[in-house]
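Chemist: Structure below; questions to follow.
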Amino acid sequence: MDEKPSFSFIIPIHNEVEVFNQLIDRLMMLDSKIEGICEFILIDDGSTDGSDQLIENVSLNNPLFKAIFLTRNFGHQKALSAGLDNVEGEYIMMVDADLQDPPEMFFEFYAKMKEGYDVVYGIRKKRKEGFLKRLAYKGYYQLLNRISNFKMPKDAGDFAMFNAAVARAINRNREEGRYLRGLRSWVGFKQMGIPYERDKRAAGEPSYTLKKLLTLALDGIMNFTTLPIKLLTAMGLSCIFLSIIYLFITLLRKYLYGDVPSGFTALLFMIILFGGFQLFSLGIIGEYIQRIFFQVKKRPLYLIKKTIKNSKIYYE
Ligand code: UDP
Ligand code: MG
-1 MDEKPSFSFI IPIHNEVEVF NQLIDRLMML DSKIEGICEF ILIDDGSTDG SDQLIENVSL
59 NNPLFKAIFL TRNFGHQKAL SAGLDNVEGE YIMMVDADLQ DPPEMFFEFY AKMKEGYDVV
119 YGIRKKRKEG FLKRLAYKGY YQLLNRISNF KMPKDAGDFA MFNAAVARAI NRNREEGRYL
179 RGLRSWVGFK QMGIPYERDK RAAGEPSYTL KKLLTLALDG IMNFTTLPIK LLTAMGLSCI
239 FLSIIYLFIT LLRKYLYGDV PSGFTALLFM IILFGGFQLF SLGIIGEYIQ RIFFQVKKRP
299 LYLIKKTIKN SKIYYE
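Heads up, the sequence shown is in our numbering, so the first residue is -1 and it goes up one at a time.
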């Protein structure tokens, strides 16, 4: 199998012994139905339950499977990134190992790609998680969608297919706080979402702990929005504004009605005013830090889809 694959599947794996065989069966079944050469890239993200051994066995015995072993647990997003750096196919699909996202969606995704889309992502129709978790997800995506300065689809995870040009564009972003679904939106191109039902995990336990989930959520907000800093500035300005109104009312009362302002009033005014100044200054410093932050990321300034020179089209 030295021919270049057309389809690359990226499958991050962290402690998935319980689903592993099912996963391999499903993928081999899928491969038999796909016309064209596939590669399945299994990324071992520092498994400690023997998944790495299983990955090694299967990839040594079946050239359909390629394996990347990370030196320790770097987390889902970085494992996906390691896969993305090593794809060879024209079309790339990211799939979870626990079979929550049906790999067979390949056909629907691919059909849309053939219609001319560059990115097709899955939109989770119904979540099979508990009420609170569902509510939290919904609120989060709603918020992110509202406050980000480009279009971020709601209820879309990493489950998606895109072409090699998109993969290259994503890979040019080497930022550390990785939020791939954000980068995937950020790169632009022609995108669309397909609703699908997210299954229960086939077996085993999720290794996304609450802490990891919160980190991911925070990465989404901090790396793609500037709202927190703007909030600081706005709060500072409101405090200054309010304290000045307060001062005016107090002065009016003094000169119109002869009310003598108490020491407490004066103190309150000072506290709110200076609190406002401080918040406002923090906001300004925040604006600088935010610029430094995005500069340090070294994201590409823009991405080019294609250029035409001497009547010939060049794709990036
Ligand atoms: N995963 C990983 N590294 C981690 C945690 C998870 O590579 O540190 C993999 C895991 O094996 C699975 C996918 O990422 O294939 C999604 O993880 P999980 O099912 O725990 O997350 P959830 O579906 O609850 O979001
Ligand atoms: Mg899962």
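Here a beta-carbon is modelled for each residue, glycine too, at the ideal position from N, C-alpha and C.
Within its chain, find whatever has a CB closer than 6 Å to the CB of P10; leave out the 5 residues flanking it on each side and keep chain order.
Modeler: Around P10: I41, D43, H74, A77, L78.
Chemist: Assign I39 to one of three DSSP states: helix, strand, or coil.
Modeler: The answer is strand: DSSP assigns I39 an E or B state.
Chemist: Helix, strand or coil, according to DSSP, for Y119 in the structure here?
Modeler: Correct three-state label for Y119: strand.
Chemist: Kindly give me the distance between the Cβ atoms of F18 and S49, rounded to whole angstroms, as I take these residues to be in contact under 8 Å.
Modeler: That belief holds up - the Cβ atoms of F18 and S49 are roughly 6 Å apart, short of 8 Å.
Chemist: How would you write the range of the beta strand (DSSP E) that P226 sits in, first residue to last?
Modeler: Unbroken run through P226 is the alpha helix (DSSP H), 225 to 255; no beta strand (DSSP E).
Chemist: Relative to the C-alpha of K188, which residue among K209, Q288, L82, V164 is closest?
Modeler: Of K209, Q288, L82, V164, the residue nearest in Cα terms is V164.
Chemist: Under 8 Å, do F267 and Y244 count as touching if we go by C-beta distance?
Modeler: Yes.
Chemist: Taking the alpha-carbon of E1 as reference, which of L62, F291, F7, N55 has the nearest alpha-carbon?
Modeler: The shortest Cα separation from E1 among L62, F291, F7, N55 belongs to L62.
Chemist: Which two residues bound the contiguous alpha helix (DSSP H) that contains G137?
Modeler: That run of the alpha helix (DSSP H) goes 129 to 145.
Chemist: Smallest Cα separation from A80: which of N221, A65, I238, Q98?
Modeler: Comparing Cα positions, the closest option is A65.
Chemist: Can you tell me whether DSSP reads Y177 as helix, strand or coil?
Modeler: Of the three classes helix, strand and coil, the one that applies to Y177 here is coil, per DSSP.
Chemist: Shortest alpha-carbon distance to M159 belongs to which of D257, G261, M190, I247?
Modeler: Closest option to M159, Cα to Cα, is M190.
Chemist: Fully enclosed by the stretch 46 to 88, which alpha helix (DSSP H) runs are 4 residues long or longer?
Modeler: List check, alpha helix (DSSP H) in window: 49 to 59, 74 to 82.
Chemist: Can you give the beta carbon distance from L97 to A162, rounded, assuming they're within the 8 Å contact cut?
Modeler: Going by Cβ atoms, the distance from L97 to A162 rounds to 26 Å, so no, they are not a contact pair.
Chemist: Taking only heavy atoms of the ligand MG into account, decide whether any of them is closer than 7 Å to the Cβ of Q98.
Modeler: Q98 Cβ: within cutoff of the ligand MG.
Chemist: Between K110 and V118, how many whole angstroms is the CB-CB distance? I'm expecting something under 8 Å.
Modeler: Going by Cβ atoms, the distance from K110 to V118 rounds to 4 Å, so yes, they are a contact pair.
Chemist: Spell out the partners DSSP gives K124 in its beta bridges.
Modeler: Beta-bridge pairing links K124 to no other residue.
Chemist: Based on the DSSP output, what are the partners of N161 in its beta bridges?
Modeler: BP columns for N161 point to Y89.
Chemist: Taking 7 Å as the limit, name every residue whose beta carbon sits nearer than that to some heavy atom of the ligand UDP, in sequence order.
Modeler: Having a Cβ closer than 7 Å to some heavy atom of the ligand UDP are I9, P10, I11, H12, N13, E14, I41, D43, N71, G73, H74, A77, D94, A95, D96, Q98, R199, P204, S205, Y206, K210.
Chemist: Could you round the C-beta distance between I90 and S4 to whole angstroms and report it? I think they count as a contact, below 8 Å.
Modeler: Not quite, the Cβ-Cβ distance comes to about 10 Å (not below 8 Å), so this is no contact.
Chemist: Quick check on S183: does DSSP put it in helix, strand or coil?
Modeler: Of the three classes helix, strand and coil, the one that applies to S183 here is helix, per DSSP.
Chemist: Should S241 be labelled buried (16 or more other beta-carbon atoms within 10 Å of its own) or exposed?
Modeler: Result: buried.
Chemist: Sort out for me which residues DSSP pairs S6 with in a bridge.
Modeler: Answer is E37, I90.
Chemist: Between N171 and A134, what straight-line distance do the alpha-carbon atoms span, to the nearest angstrom?
Modeler: Their Cα atoms are separated by approximately 28 Å.
Chemist: Consult DSSP for P193 and reduce its assignment to one of helix, strand or coil.
Modeler: The answer is strand: DSSP assigns P193 an E or B state.
Chemist: Buried or exposed: R289, going by 16 or more other Cβ atoms within 10 Å of its Cβ?
Modeler: Looking at its Cβ environment, which holds fewer than 16 other Cβ atoms inside 10 Å, R289 is exposed.
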